[in-house]
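2 protein chains.
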Amino acid sequence: MTTTEQTAAERLEKQFRFLTEIDRLKHVERQNILADSSRRENSAEHSWHLAVLALCLSEHATARGFDLFKVVQLLLIHDIVEIDAGDAFLHDAGALAAQAAKEQAAAERIFGLLPDDQRDSWLALWHEFESGTSAESLLARALDRVQPALLHEATDGVIWQKYGTTHAQIQAKMAVVRDAAPPLWARIQQIIARARAQGKLA
Amino acid sequence: MTTTEQTAAERLEKQFRFLTEIDRLKHVERQNILADSSRRENSAEHSWHLAVLALCLSEHATARGFDLFKVVQLLLIHDIVEIDAGDAFLHDAGALAAQAAKEQAAAERIFGLLPDDQRDSWLALWHEFESGTSAESLLARALDRVQPALLHEATDGVIWQKYGTTHAQIQAKMAVVRDAAPPLWARIQQIIARARAQGKLA
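Residue numbers (my numbering), protein chains in the order written: chain A, 458 to 659; chain B, 458 to 659.
As structure tokens, then:
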């Protein structure tokens, strides 16, 4: 085996190691339940759903000329850190602060399984999603709010009710949708208004 | 509300209806089990895993200059038909023939929930995956064979053993990998050889 072949084989081993490791995202449970209320959603199937949302709903984005493939990539990888760090409950400020440090360490460990060039580019993608300043990451973060709203609508807001979520908390979380995709924000206002009328919000 | 606004609202309702419907893919169980052997994999999380494989392994493709975003799109939507048609066991020729008709009807019903232009383009994507003639669909179909092999490796081929899968059946299914991505095919040969040596293949 030549050095080049050995390097190629080593690259592939690292990639297979990473791809086997991320299978664990299928075990990370989210707060949300599925549309038929049968069980909680896991972060792998959530990431798939989000990527399809991006393909389906991109016409509603405020931004023009953005890179939709980039949006999809951000959504496919943004939750991988939860393998180590778990899924933090969105409205708990204390948990979110502690979560940031855990997620940084998780990103370095898990993306660090990849060959160096891929480790660097995937870490950069993850940081882009977290910082949320590019048109692509703003839309990705907005869709990450829209998808749970879709499930809240299907399940009559029982999860909002269970966790005592307030109207103000939801509206604060949805601000990113108003900026990135106003038609989606308007649609979500209907979902929130209905849940509020039904007494599901604290 | 003007006619244009009404049409925009109707488009969004159709898209939300579709996106809620496809939540059901999270309930479609595959034959494969997860890497930790804890349970069977569902088709939504499988689709996510496949899309990440595409992002990670595209350098090993034989084709040059292909559209990686197209590959990812094909993988994200290819299993949606299983919501109606279920997951057919790969080595059963009879089931596969009946499956084709069921999947065609499923594609028309489910993608038919979308606005007409999206229905047409998503149906076209699904047909492209099924026909497997473009560089993108050949790579997508190859990755759809590589991902289960990754799980078979992690679980010591117990699913191959359970279903009495033969060495010839596996090699026939892996032919598409040999053509589309030879380095991945060579790596999978190691997995198959090990399973064979351990007596896991019929």
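Glycine included, each C-beta is placed from N, C-alpha and C at the ideal position.
The structure presented is a predicted model; accordingly, all values stated were derived computationally and were not measured.
Nearest-angstrom Cα distance between residue i and residue j?
i         : j         : result
A/Thr-702 : A/Gln-488 : Nothing about residue 702 of chain A can be reported from this structure: the residues present for chain A run from 458 to 659 only.
A/Asn-499 : A/Glu-587 : 20 Å
A/Lys-471 : A/Glu-478 : 10 Å
A/Ile-616 : A/Gln-556 : 21 Å
B/Ala-650 : A/Ala-638 : 51 Å
B/Leu-482 : B/Ile-567 : 11 Å
B/Ser-591 : B/Val-485 : 28 Å
A/Ala-581 : B/Arg-474 : 34 Å
B/Val-603 : A/Ala-520 : 36 Å
A/Leu-658 : B/Leu-476 : 24 Å
B/Ala-564 : A/Ala-492 : 21 Å
B/Ser-504 : A/His-624 : 34 Å
A/Ala-465 : A/Pro-605 : 41 Å
B/Ile-645 : B/Ile-490 : 18 Å
A/Ala-511 : B/Gly-551 : 36 Å
B/His-609 : B/Ile-648 : 8 Å
Residues of chain B with CB under 7 Å from residue i, in chain order?
i         : result
A/Gln-530 : Leu-512
A/Ala-492 : Thr-477, Asp-480
Starting from residue i and walking both ways along the alpha helix (DSSP H), at which residues does that stretch end?
i         : result
B/Gln-604 : 592-611
A/Ile-649 : 639-654
B/Leu-497 : The identity of residue 497 of chain B in the sequence shown is Arg, whereas the question assumes Leu. Per DSSP, B/Arg-497 belongs to no alpha helix (DSSP H); it is in the beta strand (DSSP E), 497-499.
Take residue i and list the residues in its own chain whose beta-carbon comes closer than 6 Å to its own, dropping the five residues that flank it on each side.
i         : result
B/Glu-560 : Val-538, Ala-542
B/Arg-598 : Gly-589, Val-633
B/Trp-642 : Val-634, Arg-635
B/Leu-553 : Ala-545
A/Arg-576 : Phe-568, Gly-569
Terminal residues of the continuous beta strand (DSSP E) containing residue i?
i         : result
B/Glu-516 : Neither: B/Glu-516 is in no beta strand (DSSP E) and is coded neither H nor E.
B/Ile-490 : 486-490
Quick check on the burial criterion: 16 or more other C-beta atoms within 10 angstroms. Buried or exposed for residue i?
i         : result
B/Asp-536 : buried
A/Thr-461 : exposed
B/Glu-502 : buried
A/Gln-530 : buried
B/Ala-562 : exposed
B/Ala-629 : exposed
B/Ala-508 : buried
B/Leu-517 : A small correction: the amino acid at residue 517 of chain B is His; Leu does not occupy that position in the sequence shown. That one is buried.
A/Gly-446 : Given a span of 458 to 659 for chain A in the structure shown, any question on residue 446 of chain A remains unanswerable.
Can you list the residues of chain A that residue i reaches, using a CB-CB cut of under 9 Å?
i         : result
B/Asn-489 : Neighbours of B/Asn-489 on chain A: none; closest Cβ ~10 Å, over 9 Å.
B/Arg-644 : Ala-466, Leu-469, Glu-470, Phe-473
B/Leu-607 : Phe-473, Leu-476, Thr-477, Asp-480
So which residues of chain A does residue i contact, with C-beta pairs closer than 7 Å?
i         : result
B/Glu-593 : In chain order: nothing, as chain A lies at least about 13 Å away.
B/Glu-502 : Lys-483, Asn-499, Ala-501, Glu-502, Trp-505
B/Phe-526 : Phe-526
By Cβ distance below 7 Å, which residues in the same chain neighbour residue i in space, the five residues on each side in sequence not counted?
i         : result
B/Arg-653 : His-624
B/His-663 : No answer is possible for residue 663 of chain B: the residues shown for chain B start at 458 and end at 659.
Please list, in chain order, all residues of the same chain as residue i whose beta carbon is under 8 Å from its beta carbon, the five residues on each side excluded.
i         : result
A/Leu-571 : Lys-471, Gln-472, Phe-475, Trp-579
B/Arg-497 : Glu-486, Arg-487, Gln-488, Asn-489, Ile-490, Leu-491
What does residue i touch in chain B if you count any residue whose Cβ is under 8 Å from its own?
i         : result
A/Pro-640 : Ala-465, Leu-469
Starting from residue i, find everything on chain E with Cβ-Cβ shorter than 9 Å and list it in chain order.
i         : result
B/Ala-611 : Among the protein chains in the structure shown, which are A and B, there is no chain E.
Can you name the residues of chain B whose CB is closer than 9 Å to the CB of residue i?
i         : result
A/Val-538 : None at all; the shortest Cβ gap to chain B is about 14 Å.
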